[in-house]
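Participant: One structure is given below, represented as structure tokens, and several questions about it will come after.
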Amino acid sequence: MSHQYKAIHWNPQKKAYDLLIVLLIISYLLAFVGVSAIIHPNLDPVNLLIRAFGSLSLLLLHLVLIIGPLCRLSARFLPMLYNRRHLGVSTFLIAAFHGILSLIQFHAYGDSNMLISLFTANTQYTSLAQFPFQVLGFFALIILFFMAATSHDFWLKNLGQNFWKRLHMLIYLVYILVIMHVMLGVIQLESSPLLVIFLCIGFSLVIGLHLLAGWKEVKLDRQLQELKDDGYLLVGSINSWEEGKARIVNNGKQRIAIFKNGNEFSAISNRCAHQGGPLGEGQVIDGLITCPWHGYQYRTDDGCSPPPFTEKVSTFNLQLLGDKILVDPIPNQPGTKGEQVKL
Amino acid sequence: MTKAQRKLHLLSWIVLSICIPLGFISSFLVIPDKIMQENVFLNKSIQLENILTKSSHDNLIVLLRSDSEKSKYQLEVIITTPFKTPEVGTYISSSQNFIMDEAYYLGNLGSANGKLFSLPSSLVQQEQIQVVLFDPIKNELLKQITITP
Ligand code: HEM
Ligand code: FES
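Chains G and U, in that order, give the protein sequences. Residues in the first sequence are numbered from 1 upward in steps of one, following UniProt numbering. Residues in the second sequence are numbered from 1 upward in steps of one, following UniProt numbering.
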């Protein structure tokens, strides 16, 4: 995290990130076309593009999917999460190009409408070996479209964080549809075995990282049950904090981040109002608690974003007992002042 | 994320960690011994210029087409009197005895009055091609035609 983290604006990091995505895309496409032109000089150029864009979208999909768990496992990967949305939208655009080219190449010159042809050219829906694999790609693309279309914060606000999050979890369905699209395509078309090897490495990595991160988090949720005293949760001795950072406890339903800012302690919900990022893993910058994911900021005392922003998170009341900080597990209304401890 | 969302994520991935390898492995188990679709140009109906053979059979005309380099082939089926069944699977059979699961499936003629199918060149290398029209729903052989390329 740095001082330049600012919410929403186009800042130099976002531009650098986008430039990197564009460079990655261009170099992949050039390399793919170059190598294929040598290995398969007779391949139809449109088929070559279909393969180049198809495999690139598969690669990008994997990248999008591993960023989340990598960031849970190590904060070093956080810069990748900062602008992940653009990586997701690029994945959709590249996949759309692959899908539309395929539709034109394989279905536009038929007797029937392209989409009807897509669904009826091969009707072996009951056979696994001959299954119309293109249909799986089509459904994956439709879901990716809805995700890309609602990726903007405008939709996040209008749909609500919970619904938006659920909608975007459909990426997991996309993932399995794409894996089967590629596998069934590969066995029917005798594509390169390299693709199968990469696919196998790819899904092992994606599944492995998610299980590891998920298991770690669920274990943490269990561990974070703290000792109770008068219904308050014990957080720790005032000397156990790093300056500007938080300690996190769990009230059984959600995590609470207790920050130290100079000689002042304050507690807010660990869940960022933007996309649910872990506020307690961020730090206090210029007196404001700053989310490690996309840099949304909150005041320490009332959990409100500074004007002109309007986001709010819940605060919690703190107490000092000897040299120990205790927190009330019951949240205050989002955006209302909580009792802080001032030394 | 909330505790419930974290649990849902973990649960989704536990399910995926079972389904994905299962799908992956079962695709391997069913690898057909011959390539099912050498190309995916199923319904493509820009007619290739050369007609190699043409034959008429009661209610249909069958043409074998190719391009000038003989690198691409098409089978054109023109129906003069429609079939009474909606499902007219068009297959290439490797032997006189048609067995659906072993035949190469070209596509459904349906109620169309004609269709062009791409033919993998490997099929045209044989001396004779058995074109079979078969209704997989009623399990009924509608027509079997032999063409000699
Ligand atoms: C309308 C949607 C889609 C259609 C019609 C479609 C069609 C096809 C076809 C015909 C192939 C075989 C190409 C060949 O090997 O010559 C293919 C392969 C492939 N598709 Fe798709 N697809 C669609 C969507 C997608 C999506 C959404 C993704 C991934 C995000 C994807 C990823 C791939 C990959 C990785 C391959 C293998 C590439 C290769 O053969 O080297 N496709 N698709
Ligand atoms: S800023 Fe996006 S989740 Fe916190």
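Backbone N, C-alpha and C define an ideal beta-carbon position, used for all residues, glycine too.
Under 8 angstroms Cβ-Cβ, which residues of chain G neighbour U/F24?
Facilitator: Residue mapping note: residue 24 of chain U aligns to position 24 of the second sequence, counting from 1. I179, M183, L199, C200, F203, listed in chain order.
Participant: Quick one: is G/R255 buried, meaning 16 or more other Cβ sit within 10 Å of its Cβ, or exposed?
Facilitator: As a first step, residue 255 of chain G is located in the first sequence; it is residue number 255 there, counting from the start. Buried is the call here.
Participant: Could you pull the start and end residues of the alpha helix (DSSP H) that U/K143 belongs to?
Facilitator: Position 143 of the second sequence, counted from the start, is the residue given in the question as residue 143 of chain U. Careful: U/K143 lies outside any alpha helix (DSSP H), inside the beta strand (DSSP E) at 140-147.
Participant: Any Cβ of chain U within less than 9 angstroms of the Cβ of G/H294?
Facilitator: Numbered from its first residue, the first sequence carries residue 294 of chain G at position 294. G/H294 does not count as touching chain U.
Participant: One question on the structure: do U/I51 and U/T80 come within less than 9 angstroms of each other, judged by their Cβ atoms?
Facilitator: Here residue 51 of chain U is taken as the residue at index 51 of the second sequence, counted from 1. Here residue 80 of chain U is taken as the residue at index 80 of the second sequence, counted from 1. Not in contact: U/I51 and U/T80 (Cβ atoms no closer than 9 angstroms).
Participant: Please tell me whether G/F92 and G/L56 are closer than 9 angstroms, where the distance is taken between their beta carbons.
Facilitator: Residue mapping note: residue 92 of chain G aligns to position 92 of the first sequence, counting from 1. Residue mapping note: residue 56 of chain G aligns to position 56 of the first sequence, counting from 1. Result no, Cβ atoms of G/F92 and G/L56 do not sit closer than 9 angstroms.
Participant: What are the residues in the region 122-133 of chain G lying within 7 angstroms of chain U by C-beta distance?
Facilitator: If the cut-off is 7 angstroms between Cβ atoms, the region 122-133 of chain G has N122, T123, Q124, L128, A129, Q130 near chain U.
Participant: Would residue 432 of chain G be called buried (16 or more neighbouring beta carbons within 10 Å of its own) or exposed?
Facilitator: For chain G, the structure presents residues 1 to 343; residue 432 of chain G sits outside this window and is missing.
Participant: Give me, in chain order, the residues of the same chain whose beta-carbon lies closer than 8 angstroms to that of G/P329; leave out the 5 immediate sequence neighbours on both sides.
Facilitator: By 1-based counting over the first sequence, the position of residue 329 of chain G is 329. Same-chain partners within the cutoff: G231, Y232, L233, N251, G252, I256, F316.
Participant: By how many angstroms is the C-alpha of G/W155 removed from the C-alpha of U/A4?
Facilitator: Residue 4 of chain U sits at position 4 when you count from the first residue of the second sequence. Residue 155 of chain G sits at position 155 when you count from the first residue of the first sequence. Their backbone Cα atoms lie some 22 angstroms apart in a straight line.
Participant: For chain U, check one thing: does any of its Cβ atoms lie closer than 9 angstroms to the Cβ of G/V218?
Facilitator: Counted from its first residue, the first sequence places residue 218 of chain G at position 218. Yes, G/V218 counts as interfacial toward chain U.
Participant: As a quick exercise: from G/L30, G/L167, G/T300, pick the residue whose alpha carbon is nearest that of G/K342.
Facilitator: Counted from its first residue, the first sequence places residue 342 of chain G at position 342. G/K342 has its Cα closest to that of G/T300, out of G/L30, G/L167, G/T300.
Participant: Compute the Euclidean distance between the alpha carbons of U/D58 and U/K143, then round it to the nearest angstrom.
Facilitator: Here residue 58 of chain U is taken as the residue at index 58 of the second sequence, counted from 1. Here residue 143 of chain U is taken as the residue at index 143 of the second sequence, counted from 1. Spanning the two alpha carbons is a distance of roughly 10 angstroms.
Participant: Could you spell out where the alpha helix (DSSP H) holding G/N158 opens and where it closes?
Facilitator: Taking the first residue of the first sequence as position 1, residue 158 of chain G is located at position 158. Counting along the chain, the alpha helix (DSSP H) containing G/N158 begins and ends at 153-159.
Participant: Determine the contact status of G/I171 and G/L65, defining contact as a CB-CB distance below 9 angstroms.
Facilitator: As a first step, residue 171 of chain G must be located in the first sequence, where it is residue number 171. As a first step, residue 65 of chain G must be located in the first sequence, where it is residue number 65. The answer is yes: Cβ separation under 9 angstroms.
Participant: Classify G/P193: buried if its beta carbon has 16 or more other beta carbons within 10 angstroms, exposed otherwise.
Facilitator: Counting from one through the first sequence, the residue named residue 193 of chain G turns up at place 193. Label assigned to G/P193: exposed.
Participant: Quick one: which unbroken beta strand (DSSP E) runs of 3-plus residues sit fully inside the UniProt domain "Rieske" (233-327) of chain G? Chain order, please.
Facilitator: Entirely contained in the UniProt domain "Rieske" (233-327) of chain G, the beta strand (DSSP E) runs reaching 3 residues are, in chain order, 246-250, 255-261, 264-269, 283-285, 288-290, 297-299, 318-321, 324-327.
Participant: In its own chain, which residues sit with a C-beta less than 6 angstroms from the C-beta of G/W241, not counting the 5 before and 5 after it?
Facilitator: Here residue 241 of chain G refers to the residue found at position 241 of the first sequence. Cβ within range, chain order: K260.
Participant: Using only Cβ atoms and a threshold of 5 angstroms, which residues come within that distance of a heavy atom of ligand 2? Order them by chain position.
Facilitator: In chain order, the qualifying residues are G/C272, G/H274, G/Q275, G/G277, G/C291, G/W293, G/H294, G/Y296.
Participant: Going along the UniProt domain "Rieske" (233-327) of chain G in order, which residues come within less than 7 angstroms of chain U, judged by CB to CB distance?
Facilitator: Those residues of the UniProt domain "Rieske" (233-327) of chain G that come within reach of chain U (Cβ to Cβ, closer than 7 angstroms) are K253, Q254, R271, G276.
Participant: Check G/H40 in the structure and name its three-state DSSP category.
Facilitator: As a working note, residue 40 of chain G is residue 40 in the first sequence. Note: G/H40 maps to coil in three-state DSSP.
Participant: Output yes if chain B places a C-beta closer than 9 angstroms to the C-beta of G/K165; else output no.
Facilitator: The question asks about chain B, but that chain is absent: this structure's protein chains are G and U.
Participant: Let me confirm a value: G/H152 is counted as buried when at least 16 other C-beta atoms fall within 10 Å, else exposed. Which label applies?
Facilitator: As a working note, residue 152 of chain G is residue 152 in the first sequence. Per the 10 Å Cβ criterion, exposed.
Participant: Once the 5 residues before and after U/I147 are set aside, which same chain residues still bring their CB inside 8 angstroms of it?
Facilitator: As a position in the second sequence, residue 147 of chain U is number 147, starting the count at 1. If we look at U/I147 and ignore the five residues flanking it on each side, its Cβ neighbours are T53, S55, V62, L64, Q128, I129, V131.
Participant: Going by the C-beta, is G/V182 closer than 8 angstroms to any heavy atom of ligand 1?
Facilitator: Locating residue 182 of chain G in the first sequence gives position 182, where the first residue counts as 1. Within the cutoff, so yes.
Participant: Looking at C-alpha atoms only, which residue of G/F133, G/L128, G/K219 is the closest neighbour of U/F28?
Facilitator: The residue given as residue 28 of chain U occupies position 28 in the second sequence. Among G/F133, G/L128, G/K219, the Cα nearest to that of U/F28 is on G/L128.
Participant: Compare the beta carbon distance of G/L205 and G/H62 with 9 angstroms and say whether it is the shorter of the two.
Facilitator: To locate residue 205 of chain G, count along the first sequence from 1; it is residue 205. To locate residue 62 of chain G, count along the first sequence from 1; it is residue 62. Their beta carbons are under 9 angstroms apart, which means G/L205 touches G/H62 by this criterion.
Participant: Can U/I20 be considered in contact with ligand 1, in the sense that its beta carbon sits closer than 8 angstroms to one or more heavy atoms?
Facilitator: Counting from one through the second sequence, the residue named residue 20 of chain U turns up at place 20. No, since every heavy atom of ligand 1 falls outside the 8 angstroms radius drawn around the Cβ of U/I20.
Participant: So what does U/R65 bridge to, in DSSP terms?
Facilitator: The sequence position of residue 65 of chain U within the second sequence is 65, counting from 1. According to DSSP, U/R65 bridges with U/I51, U/Q74.
Participant: Closer than 7 angstroms, Cβ to any Cβ of chain G: which residues of the region 100-121 of chain U, in chain order?
Facilitator: If the cut-off is 7 angstroms between Cβ atoms, the region 100-121 of chain U has Y105, G107, N108, A112, K115 near chain G.
Participant: Just to check, is the beta-carbon of G/L189 closer than 8 angstroms to a non-hydrogen atom of ligand 1?
Facilitator: Start at 1 with the first residue of the first sequence, and residue 189 of chain G comes out as number 189. Yes; taking the cut-off as 8 angstroms, the Cβ of G/L189 has a heavy atom of ligand 1 nearer than that.
Participant: When the Cα atoms are used, what is the spatial distance from G/I238 to G/N11?
Facilitator: Reading the first sequence from its first residue, position 238 is the one you call residue 238 of chain G. Reading the first sequence from its first residue, position 11 is the one you call residue 11 of chain G. Answer to the nearest angstrom: the Cα atoms are 37 angstroms apart.
Participant: If I measure Cβ to Cβ from U/H9 and keep anything under 8 angstroms in the same chain, skipping five residues before and after, which residues do I get?
Facilitator: Your numbering for residue 9 of chain U matches position 9 in the second sequence. Excluding residues within five positions, the ones whose Cβ falls inside 8 angstroms are M1.
Participant: So the beta strand (DSSP E) U/Y104 belongs to, where does it begin and stop?
Facilitator: As a position in the second sequence, residue 104 of chain U is number 104, starting the count at 1. It spans 104-108 - the beta strand (DSSP E) in which U/Y104 sits, taken as one unbroken run.
Participant: I'd like to check one pair, G/L279 with G/S269: are the Cβ atoms closer than 9 angstroms?
Facilitator: In the first sequence, counting from the first residue as 1, residue 269 of chain G sits at position 269. In the first sequence, counting from the first residue as 1, residue 279 of chain G sits at position 279. Their beta carbons are under 9 angstroms apart, which means G/S269 touches G/L279 by this criterion.
Participant: Going along the chain, which residues of its own chain have a beta-carbon closer than 6 angstroms to the beta-carbon of G/C71, five neighbours each way excluded?
Facilitator: Translated into positions along the first sequence, residue 71 of chain G becomes position 71. Within the same chain, G/C71 has close Cβ partners F77, L78, L81.
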